[in-house]
Amino acid sequence: MQNEVISRKRKRLRKSTASAIENLVSMGFDRASVDSALRTFGSEEEALNYLLGQPNANAVEQANPSALLPDTHGIDGLGAEHDIGSNPEGSGAEPSTQDDTLERDVEMEDQLTEGLQNADAYSDYDIEVTKEGEAIIEYLALLSSAENVDKVSSPQ
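With the first letter of the sequence shown counted as 1, position 91 gets the number 90 in numbering that gives the first Met the number 0; the numbers rise by one all the way through.
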């Protein structure tokens, strides 16, 4: 009986570990690092915290997914943009590095947040709060009028 309980417990533990591995791998982490993190920390949450704090090779691949694509030189039928010798930087330029990608990301982030830095964070909410306050007052008035109607219609 005790062996059966232990066997079931181990089976549940294996299933939960396999589930945790699949969850973390589906988030983009490397299976080997997920396995070692789960063995080290024991729980999915602690392993996730550890993995998020580590420099990750997958982050480079996710930031520049074109680096993962093989260079087929136009063989796959995508057109002239993949032909031999076509280089968007010019004929003598070397390909972009990861630093260029990061610099572009910073520039884009600055462009996107430029208008937000000067805006009042609460200005958009002020209008909504006023409208919500009016709606609450109207709702309370309707409730009180309904209570008054009930009091008048039901003799005590």
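Backbone N, C-alpha and C fix where the C-beta goes; we use that ideal spot for every residue, glycine too. Computed from a prediction, not measured in an experiment: that's the story for all the values here.
If residue i and residue j are in contact, beta carbons under 8 Å, what's the gap, nearest whole angstrom?
i   : j   : result
A19 : E43 : 4 Å
L50 : A36 : 5 Å
Applying the criterion that 16 or more other CB atoms from any shown protein chain within 10 Å of the CB defines a buried residue, is residue i buried or exposed?
i    : result
L111 : exposed
A46  : buried
V151 : exposed
V33  : buried
What does a CB cutoff of less than 6 Å around residue i pick up in its chain, not counting 5 residues either side in sequence?
i   : result
L23 : V33
Within its chain, find whatever has a CB closer than 7 Å to the CB of residue i; leave out the 5 residues flanking it on each side and keep chain order.
i    : result
F40  : A46, Y49
V128 : none
E3   : none
With 9 Å set as the bound, which would you pick, yes or no: does the beta-carbon of residue i sit closer than that to a beta-carbon of chain D?
i    : result
S144 : You won't find chain D in this structure, because it holds only one protein chain.
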